[in-house]
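Enquirer: Supplied in structure tokens, the structure appears directly below.
Residue numbers (full-length UniProt numbering): 1 to 69.
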């Protein structure tokens, strides 16, 4: 199992355990700040929820755990 597989499994599990959360797949042109605004949170909180040390490190195809709005 790769780290990506594990993160995907954890994202799925978080959605079950905490039904107030969902997932979002990063697309080209996205940045953490705009994604956070779309989901009613901050980029700092979104980075912490997803274990992202560098907000500029997200790439298209990354799956993020996000709050449901």
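Beta carbons are placed, not taken as given, at the ideal position from N, Cα and C, and that holds for glycine. No experiment lies behind these values; they were computed from the predicted model shown.
Applying the criterion that 16 or more other CB atoms from any shown protein chain within 10 Å of the CB defines a buried residue, is residue 66 buried or exposed?
Expert: Counting Cβ neighbours within 10 Å, residue 66 comes out buried, since at least 16 surround it.
Enquirer: On the DSSP letters alone, give me the boundaries of the alpha helix (DSSP H) that residue 44 sits inside.
Expert: Per DSSP, residue 44 belongs to the alpha helix (DSSP H) from 43 to 50.
Enquirer: Going by beta carbon distance, what residues of the same chain come within less than 6 angstroms of residue 24, once the five residues before and after it are set aside?
Expert: Around residue 24: 64, 66.
Enquirer: Give me, in chain order, the residues of the same chain whose beta-carbon lies closer than 6 angstroms to that of residue 49; leave out the 5 immediate sequence neighbours on both sides.
Expert: Closer than 6 angstroms at Cβ, skipping near neighbours: 65.
Enquirer: In terms of DSSP beta bridges, what is residue 66 paired with?
Expert: Residue 66 is bridged to 22.
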